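**Q** I have a structure I would like to understand better, so I am pasting it below and will then ask my questions one at a time.
Numbering (the working numbering), first residue to last: 73 to 413.
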């Protein structure tokens, strides 16, 4: 049985809103509100949602870039929220991140060699310059760049090349888990597919676990084994990715998938109808009471505006947070047995 490498339970992250000279707190941004999921060893787990849903905050809080407000984060059985400073260093060697914008995440005044050597020095992986240079050369080959790139600076590289360097930096300490925070969204479309292919190849070769964060559902379908759909700080649906596409049960998920272009007649048959009245994603400073999607949901009634539904397993490994999930559990003609509306 494939045991989880990461277990997140009821994760909460609030950011205080402060004003004035004395930084008086007048409120808080409820960026993450009770998020739970697990990631198995050598699994690619997707976290998808609109901008402002809190998905990037989840990734950064898991890695302790942000201190969690509440909840537990268990990595290889240890609660990361309670680790000592020394043990936290071990965790940060095991868990790495690749950010969205490679240009801003690389120091323009430092060579690629110097950038890749940083982690080796910090974690005492190589004690002398010759050993470090050999590791840097090997890292560049892993991300399909010539060793000569070690002498270049970020400004001399394309966006795709800079992202390859960011991936190499994450691999430098031989992690077992990597958060990929929108790793292709800042790249040209022609480059995105190559970076995705590289990430998939590295994941298989090194048996890595990924938390893959993206707003792009069609991309998630090609890379993630399971996917969770996030909205205003909460996860509203989670399922194996193909199941999520063929059988979306939450109105928000159905609305997202309805906007994804499809080509084949088979996919057109099972493509769900939109269940949204339009509108913008609410602010996490003052989120709606009850289900956060209810102001935009065409199925919403009084209970939706008063009570947040529980996160229920309605089918094997398929979880939904919705008071009216039974409406979408009705098979339609031409669905091939899948439940669509």
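Glycine included, each C-beta is placed from N, C-alpha and C at the ideal position. Predicted model, so just to flag it, every value in this text is computed and none were measured.
In angstroms, rounded to a whole number, what distance separates the CA positions of residue 395 and residue 307?
**A** Going from the Cα of residue 395 to the Cα of residue 307 covers about 14 Å.
**Q** Got a sec, what are the start and stop residues for the beta strand (DSSP E) residue 308 sits in?
**A** Here the beta strand (DSSP E) through residue 308 covers 306-312.
**Q** Do residue 225 and residue 181 count as a contact pair if the criterion is CB distance below 9 Å?
**A** Yes. Within cutoff.
**Q** Identify every residue that forms a DSSP beta bridge with residue 383.
**A** DSSP output for residue 383 lists no bridge partner at all.
**Q** Look up residue 162 in the DSSP assignment and say whether it is helix, strand or coil.
**A** Three-state DSSP puts residue 162 in a helix.
**Q** Using the C-alpha atoms, what's the distance from residue 240 back to residue 197?
**A** One C-alpha to the other measures close to 15 Å.
**Q** Output yes or no for whether 9 Å exceeds the beta carbon distance between residue 313 and residue 298.
**A** Result yes, Cβ atoms of residue 313 and residue 298 sit closer than 9 Å.
**Q** If residue 74 and residue 108 are in contact, beta carbons under 8 Å, what's the gap, nearest whole angstrom?
**A** Incorrect: roughly 18 Å between the Cβ atoms, too far for contact.
**Q** Assign residue 269 to one of three DSSP states: helix, strand, or coil.
**A** It is helical.
**Q** Where do the ends of the beta strand (DSSP E) carrying residue 292 lie?
**A** First-last for residue 292: 289-295, but that is the alpha helix (DSSP H), not the beta strand (DSSP E).
**Q** Over the uninterrupted alpha helix (DSSP H) stretch that includes residue 399, give me the two end residues.
**A** Neither: residue 399 is in no alpha helix (DSSP H) and is coded neither H nor E.
**Q** Pick from 111, 386, 134 and 99: whose alpha carbon is nearest that of residue 321?
**A** Comparing Cα-Cα distances from residue 321 to each of 111, 386, 134 and 99, the minimum goes to 386.
**Q** Between which two residues does the beta strand (DSSP E) holding residue 419 run?
**A** Shown here, the chain extends from 73 to 413; a query on residue 419 therefore has no answer.
**Q** Buried or exposed for residue 134, going by 16 or more other Cβ atoms inside 10 Å?
**A** With 16 or more Cβ atoms within 10 Å of its Cβ, residue 134 is classed as buried.
**Q** On a CA-only basis, which of 381, 399, 363 and 319 is nearest residue 388? Give me that one, please.
**A** Among 381, 399, 363 and 319, the Cα nearest to that of residue 388 belongs to 319.
**Q** So, helix, strand or coil for residue 327, using DSSP?
**A** The answer is helix: DSSP assigns residue 327 an H, G or I state.
**Q** In this structure, how does DSSP classify residue 233 when only helix, strand and coil are distinguished?
**A** Residue 233 falls in the helix class under three-state DSSP.
**Q** Taking DSSP's pairing of strands, which residues face residue 282 in a bridge?
**A** Its beta-bridge partners are 116 and 250.
**Q** Could you check which residue in 127, 95, 121 and 110 has the C-alpha nearest to that of residue 85?
**A** Of the candidates 127, 95, 121 and 110, the one whose C-alpha sits nearest the C-alpha of residue 85 is 127.
**Q** If you draw a straight line from the alpha carbon of residue 374 to that of residue 275, how long is it in whole angstroms?
**A** Approximately 46 Å between the Cα atoms of the pair.
**Q** Give the range of the beta strand (DSSP E) segment to which residue 142 is assigned.
**A** Residues 142-147.
**Q** Tell me the DSSP secondary structure of residue 110 in three-state form.
**A** In the structure shown, residue 110 sits in a strand (DSSP, three-state: E or B).
**Q** So the candidates are 233, 237, 193 and 200; which of them puts its Cα closest to the Cα of residue 211?
**A** For residue 211, the nearest C-alpha among the options comes from 237.
**Q** Is the beta carbon of residue 105 closer than 9 Å to that of residue 392?
**A** The answer is no: Cβ separation not under 9 Å.
**Q** What did DSSP end up calling residue 99 once you bin it into helix, strand or coil?
**A** Three-state DSSP puts residue 99 in a strand.
**Q** Among the residues of its own chain, which have a CB less than 7 Å from the CB of residue 76, if the five just before and after it don't count?
**A** 110, 111 and 112, listed in sequence order.
**Q** For residue 101 and residue 257, I'd like the C-alpha separation in whole angstroms.
**A** Approximately 25 Å, taken between the alpha carbons.
**Q** Taking only the alpha-carbon atoms, compute the straight-line gap between residue 278 and residue 189 and give it to the nearest angstrom.
**A** One C-alpha to the other measures close to 20 Å.
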